[in-house]
Amino acid sequence: VKDPKRHPLIVGSGIAGLYVALRCREMGLRPTIVTQGRLEESNTRYAQGGIAAAVGPDDSPARHFADTVKAGDGLVDRAAARLLANDAPARIAALARYGVPFDTIEGHIALGREAAHSRDRILHAGGDATGLSIEETLKRRVLEGGIDIEERTTLRTLGPGDGVGPVAVVVRAPGGAAVTHEARPVVLATGGAGNLYRQSTNRPFAMGEGIAIAFRTGALVADMEFVQFHPTAFWREGAPRYLITEAIRGEGARLVNDAGERFMLEAHPDAELAPRDVVARAVEGEIARSEHPHVYLDATRIPRDRLFARFPSICRFLTLYGLDPSKDRIPVAPVAHYMIGGIATDLDGRTSIPGLYAAGEVAATGVHGANRLGSNSLLEGLVFGERVALQLRHPTRGGPKRPARTIELSLPPGDGGAEDTATLDMIRTRLWEDVGIVRTPEGLRAALAAMEALGRDVEPSSKGTVPGTVANAALTASLIARAALERTESRGAHYRTDWPRRRKIWERHVGLSARRASRGAR
Ligand SMILES: Cc1cc2nc3c(=O)[nH]c(=O)nc-3n(C[C@H](O)[C@H](O)[C@H](O)COP(=O)(O)OP(=O)(O)OC[C@H]3O[C@@H](n4cnc5c(N)ncnc54)[C@H](O)[C@@H]3O)c2cc1C
4 VKDPKRHPLI
14 VGSGIAGLYV
24 ALRCREMGLR
34 PTIVTQGRLE
44 ESNTRYAQGG
54 IAAAVGPDDS
64 PARHFADTVK
74 AGDGLVDRAA
84 ARLLANDAPA
94 RIAALARYGV
104 PFDTIEGHIA
114 LGREAAHSRD
124 RILHAGGDAT
134 GLSIEETLKR
144 RVLEGGIDIE
154 ERTTLRTLGP
164 GDGVGPVAVV
174 VRAPGGAAVT
184 HEARPVVLAT
194 GGAGNLYRQS
204 TNRPFAMGEG
214 IAIAFRTGAL
224 VADMEFVQFH
234 PTAFWREGAP
244 RYLITEAIRG
254 EGARLVNDAG
264 ERFMLEAHPD
274 AELAPRDVVA
284 RAVEGEIARS
294 EHPHVYLDAT
304 RIPRDRLFAR
314 FPSICRFLTL
324 YGLDPSKDRI
334 PVAPVAHYMI
344 GGIATDLDGR
354 TSIPGLYAAG
364 EVAATGVHGA
374 NRLGSNSLLE
384 GLVFGERVAL
394 QLRHPTRGGP
404 KRPARTIELS
414 LPPGDGGAED
424 TATLDMIRTR
434 LWEDVGIVRT
444 PEGLRAALAA
454 MEALGRDVEP
464 SSKGTVPGTV
474 ANAALTASLI
484 ARAALERTES
494 RGAHYRTDWP
504 RRRKIWERHV
514 GLSARRASRG
524 AR
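If you read the sequence shown in the numbering used here, its first letter stands for residue 4, the second for the next number, and so on.
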């Protein structure tokens, strides 16, 4: 490579990775996409409800901004939210230009409603197949653009570079040897961490590997205590935790208990359309109270034609399980869904390490505060992805602010123990039980101790040894538990039984970083 600055390495191929790659190519750079599975493998592909933007006649970016700030429960970075809301219409226009077929009604863009949005502002495609449409469209453009792609290639660690950016160590599957890329700008677009939890809507890869890699390299991470749980995933023994989008409640579906009673009326003035964290906790509370493993989503009030036209994928899925949502109630329960925290970045996607950028769910821009507003996450991949692409073209200095409460942690010394899937199961069970929707101090301490002990076992024992999936999963899981233990209050998606209320002193972020002596490539 003649000029590595012009050859950024983009890790991940969801909305954020594909969009950054496309924009880089359009700006004359020669990006390479490295992605763990096939190009289309991502959480993006499974997004249903849609993507938020103030494009309706009665809407404005100012309202979108205000709703985002309100949902974020006192912790939203206002500059990031303003940027998100203001830039949304332009990013939607870019998607439409690439060819995303947004749904229309009588020639006008169709807009849905979701919880905590004060206006109808959710654009969708193929009814409830928005993510699929976006992923397929961007993929097609990437292939047409002749962008270099390395599929089935997993980033495992980063090493110090030469000022341009870090060196990336990747492993080509199956069972391939480690390959080191030369130093160049690296964009982490590796997505979320929902699959660190036993019950999750996320794809198997989503275990926060990018966060662990960045942290080990010395990058600041933030807001790790904020994991969003979605209140309504399909709940049946042996069935996948398939998401039943919030948009269905926006169309009038109601949550009821086993006795058919609506319990959200008492929980919040907005009932089923209350913020996600409120609904998830209310559902969890109802499950605990009733000792029934789930509650029900009742969509039978929505006219059958409308239900099947607007939510074709969900209706098809339910049919496989013998349910007709126009007649039958849908069993649902809350599951892990979205990682609000991640690698700390500034508004241009710059991390605390020169030449290392993050975009999409893996990044913590502060835009979601303590609780993400539904349909803002596909959008963040585009808005901040655009900024990253502009930075790659003309890099300038900058980086995230270090939160006043930043804890320096030592990486475990590491025995280089063998990895196995039983260990991953243990992590997923631990986080689900002890760092879940309702957290106790004992549970958090036990989970942290377990993750640290595991880290000591599986962390590589020497520099030059490449960490595996379990070592990275254990590290990210320990960061979640550590931050959750630190925040002695309840706010947004983070709820503790010993501190059930918000506290003024906690109107700030929790940062985590690796102690300097233990940084560096391994
Ligand atoms: C079921 C479901 C429904 C959702 N519905 C909506 C919705 O309606 N609206 C909305 O706004 N949001 C929704 N979300 C959230 C949204 O889909 C995600 O936040 C968003 O798609 C994340 O995009 P991303 O590009 O950051 O990551 P992803 O789309 O998750 O892509 C991450 C990529 O990184 C790759 N990768 C990961 N680790 C590595 C590694 N170590 N090396 C190489 N490659 C790696 C993966 O293979 C993948 O290609 C939903 C999420 C789920 C799971």
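Ideal placement from N, C-alpha and C gives every residue a C-beta, glycine not left out. Since this is a predicted model, take the numbers as computed values, not measurements.
The continuous beta strand (DSSP E) containing F237 extends over residues 230-237. When rounded, the separation of the alpha-carbon atoms in R124 and G52 is 11 Å. Closer than 8 Å to some heavy atom of ligand 1: that does not describe the Cβ of F105. Your pair P64 and A57 checks out as a contact, with CB atoms roughly 5 Å apart and the cut at 8 Å. Following the DSSP letters along the chain, one finds L300 inside the beta strand (DSSP E) bounded by residues 298-301. In this structure, L381 has its beta carbon less than 8 Å from a heavy atom of ligand 1.
A distance below 9 Å separates the beta carbons of L98 and L385. Between the stretch 31-48 and the stretch 139-152 there are three or more inter-stretch CB-CB distances shorter than 8 Å, so the stretches are counted as touching. Exclusion of the five residues before and after G148 leaves L25, R28 as the residues of its chain whose Cβ lies within less than 7 Å of its Cβ.
Only residues of its own chain outside the window of five on either side were considered, and among them P328 have a CB closer than 6 Å to the CB of L321, listed in chain order. G213 is the residue among G213, E138, A262, V438 whose C-alpha sits nearest the C-alpha of V172. In the pairwise beta carbon analysis, the stretch 230-250 is classified as touching the stretch 194-212: at least three pairs are separated by under 8 Å.
With contacts defined as CB atoms closer than 9 Å, M30 and A392 qualify as a contacting pair.
Straight-line spacing of the CA atoms in F105 and A186 works out to 39 Å.
Of F232, I216, D460, F218, the smallest CA-CA separation from N198 is found for F232.
By a beta-carbon distance limit of 8 Å, S464 does not contact D501. Their separation comes to about 37 Å. Fewer than three pairs of CB atoms, one per stretch, sit closer than 8 Å, so the stretch 327-343 makes no contact with the stretch 444-463. For L246, the CB falls within less than 8 Å of some heavy atom of ligand 1. Secondary structure note for L158: its beta strand (DSSP E) is the uninterrupted segment 156-162. Contact between G194 and G358 does not hold, since the beta-carbon distance rounds to 21 Å and is not under 8 Å.
For G162, the distance from the CB to the nearest heavy atom of ligand 1 is not below 8 Å. Within 10 angstroms of the beta-carbon of I508 lie fewer than 16 other beta-carbons, which makes it exposed. In this structure I216 is in contact with T160, their Cβ atoms being roughly 6 Å apart against a cut-off of 8 Å.
A contact is defined here as three or more CB-CB pairs under 8 Å, and the stretch 151-160 meets this definition with respect to the stretch 173-182. Non-local C-beta neighbours of V513 in its own chain, meaning closer than 8 Å and more than five positions away in sequence, comprise A225, D226, M227, E228, P406, R408, T409, I410, A486, E489, R490, ordered along the chain.
When C-beta atoms of the stretch 257-264 are compared with those of the stretch 439-458, fewer than three pairs fall below 8 Å, so the two segments do not count as touching.
The closest heavy atom of ligand 1 lies less than 8 Å from the beta carbon of S45. Within its own chain, the residues whose Cβ lies closer than 7 Å to the Cβ of R511, once the five positions on either side in sequence are excluded, are P406, A407, R408, listed in chain order.
For Y341, the three-state secondary structure derived from DSSP is strand. Per the DSSP secondary-structure output, F68 pairs with nothing in a beta bridge. At the C-beta level, L381 and T220 stay beyond 9 Å of one another.
About 5 Å separates the beta carbon of I36 from that of I152, a gap short enough to meet the 8 Å contact definition.
For A84, the closest C-alpha among the options I290, A262, R375 is that of R375. If you check the C-beta of E212 against ligand 1, you find a heavy atom less than 8 Å away.
Note that the C-beta distance between A270 and A285 is below 9 Å. The Cβ atoms of V230 and G344 sit closer than 9 Å to each other.
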